[in-house]
Amino acid sequence: MTELAQLLAHNRKWAHERLAEDADYFSRLSKLQEPDYLWIGCSDSRVPANVITGLQPGEVFVHRNVANLVHRADLNLLSVLEFAVETLGVEHIIVCGHYGCGGLRAAIDGVRHGVIDHWLQPIRDIAEIHHQELRLIEDGAAREARLCELNVVAQTESLARTPIIQSAWARGLRLSIHGWVYGLHDGLLRDLNCSLSRA
Ligand code: CO
601 MTELAQLLAH NRKWAHERLA EDADYFSRLS KLQEPDYLWI GCSDSRVPAN VITGLQPGEV
661 FVHRNVANLV HRADLNLLSV LEFAVETLGV EHIIVCGHYG CGGLRAAIDG VRHGVIDHWL
721 QPIRDIAEIH HQELRLIEDG AAREARLCEL NVVAQTESLA RTPIIQSAWA RGLRLSIHGW
781 VYGLHDGLLR DLNCSLSRA
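So the number in the numbering used here is just where the residue sits in the sequence shown, counting from 1, plus 600.
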């Protein structure tokens with residue numbers, strides 16, 4: 601069996617198992633999704649939102665890009681965000697970074713990579729803003745880990761300043777933004793305690 605055929609075979613087995621557990625599983629999910637969470641994470645294949653949080657299909661709306669950035673002119677992200685807030689009515693938005701992020705490393709390694717350098721510009725800005733703190737961390741890996749956390753916090757703040765979120769809060773919608781970091785090395789999520797909700 602080819603590798604792709606294996607994926608399709610696995611899918612048939614999975615669908616069959618769902619139906620065996622619950623005959624209405626797909627008919628119910630196909631009519632409605634009511635996720636409580638919007639996840640904004642890195643595209644890294646090792647950080648799958650559903651798997652690491654134990655959430656099932658229908659339980660988390662997901663947007664992922666390289667280094668989990670909130671570019672405020674990113675039509676993709678803004679479209680996801682508006683739909684999640686206005687139509688799905690999610691109550692929690694989780695911005696999740698991860699230690700050992702190749703995107704974050706590429707932002708600061710001083711090497712020219714191409715278009716991605718433009719995408720990653722906000723990380724270099726954050727490194728510059730927090731230069732005083734970062735330069736005191738002698739260990740390179742620890743410094744990178746701290747920048748990863750600072751990036752998540754900055755993206756939660758960036759998200760909070762979007763007109764979509766400001767408007768939701770002004771209308772009294774219950775909506776919080778949270779910053780988490782995932783450890784590739786231990787599989788654990790860490791809450792950075794930088795949650796934002798209606799001022
Ligand atoms: Co990454």
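Where a beta carbon is used, it is the ideal one built from N, C-alpha and C, also for glycine.
By Cβ distance below 8 angstroms, which residues in the same chain neighbour residue i in space, the five residues on each side in sequence not counted?
i: residue 656; result: 650
i: residue 619; result: 625 and 626
i: residue 633; result: 658, 661 and 688
Whose CA, out of the options, lies closest to the CA of residue i?
i: residue 731; options: 634, 718, 611 and 708; result: 708
i: residue 721; options: 628, 706 and 623; result: 706
i: residue 782; options: 637, 630, 699 and 670; result: 699
i: residue 719; options: 769, 746, 703 and 734; result: 703
i: residue 686; options: 652, 773 and 733; result: 773
i: residue 798; options: 606, 611, 770 and 622; result: 770
Considering only DSSP beta bridges, list what residue i is partnered with.
i: residue 791; result: 780
i: residue 665; result: 642
i: residue 654; result: For residue 654, which the question treats as bridged, DSSP gives no partner whatsoever.
i: residue 713; result: Residue 713 is not bridged to any residue.
i: residue 699; result: 783
i: residue 660; result: 637
i: residue 729; result: None; residue 729 has no bridge partner.
Taking C-beta to C-beta, are residue i and residue j nearer than 8 angstroms?
i: residue 672; j: residue 602; result: no
i: residue 777; j: residue 695; result: yes
i: residue 716; j: residue 666; result: yes
i: residue 692; j: residue 637; result: yes
i: residue 653; j: residue 660; result: yes
For residue i, which residues in the same chain have their Cβ closer than 7 angstroms to its Cβ, ignoring the five residues on either side in sequence?
i: residue 779; result: 695, 752, 753, 756, 792 and 794
i: residue 701; result: 642, 644, 667 and 748
| request: Could you tell me whether the stretch 720 to 739 touches the stretch 679 to 693, using the rule of 3 or more Cβ pairs below 8 angstroms? | output: No, the stretch 720 to 739 is not in contact with the stretch 679 to 693.
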